[in-house]
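Accompanying notes for the structure given below.
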Amino acid sequence: YPNNTITVGGINYLNSKYTSSNYGINTIDIYAPAEHILSTIPADICTSQSYMVNSDKGLKFRCECFQFGDEWIYDTEHEFNGYHYKSGTSMAAPYVTGVAALLLSVNPDLTAAQLKECILNGAEEILITVGQGVTQNVKRLDAWGAFKYLMEFYPYDYLVIDSDVAYDVEHTYNIDADA
6 YPNNTITVGG INYLNSKYTS SNYGINTIDI YAPAEHILST IPADICTSQS
56 YMVNSDKGLK FRCECFQFGD EWIYDTEHEF NGYHYKSGTS MAAPYVTGVA
106 ALLLSVNPDL TAAQLKECIL NGAEEILITV GQGVTQNVKR LDAWGAFKYL
156 MEFYPYDYLV IDSDVAYDVE HTYNIDADA
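Using my numbering, you'd call the opening residue of the sequence shown number 6 and step up by one each time.
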């Protein structure tokens, strides 16, 4: 993959590889939660009993719900109209994207390589089970760790613009690593 790409694997709440996730030291850069993640689908899918089709794979998703009188009855994965629990690396990747957006909101001048560096070096090292008793040391996404790394190596100097005067503002960041 290009140097500015982050490959994401999925883990469950037990820090085991999510069943459909890829794995490997040279394959995956970082892991993020991928199991039973509350996500959105178009609400009309829920109430119309229609299908949402993944055009790339031809897979169909249908809300398992039905109307009983004035009430809607949902399956256990349905939270409420438009919200469902879903699993897979498609649920893990947005976590990494969210951390990237957080870091860019603090320092919009980061390059793609610097952004990747902050995310990967701020990650927590964990041991995951990849199958049949086999374990692997990997990096688990850590938003706080990525933020601390950013503030240590790529702090951003804000320029405050007053109506007539522009001046630099000095910031002091006290980051308690044990918090």
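By construction, the Cβ of each residue, glycine as well, lies at the ideal position given by its N, Cα and C atoms.
- In this structure, L43 lies near Y90, with their beta-carbon atoms less than 8 Å apart.
- Taken in chain order, the whole alpha helix (DSSP H) runs of length 4 or more contained in the segment 80-159 are 94-111, 117-126, 148-158.
- In the DSSP assignment, the residues bridged to L43 are Y90.
- Contact annotation: the segment 136-143 does not touch the segment 109-119, with fewer than three C-beta pairs closer than 8 Å.
- Between G14 and S26, the C-beta spacing is below 8 Å.
- A Cβ-Cβ contact shorter than 8 Å links D34 with I11.
- The beta carbon of Y23 lies closer than 8 Å to those of G14, G15, I16, N17, A39, E40, S92, G93, T94, A97 in the same chain, with the five residues before and after it left out.
- The straight-line gap separating the alpha-carbon atoms of L155 and T134 is approximately 30 Å.
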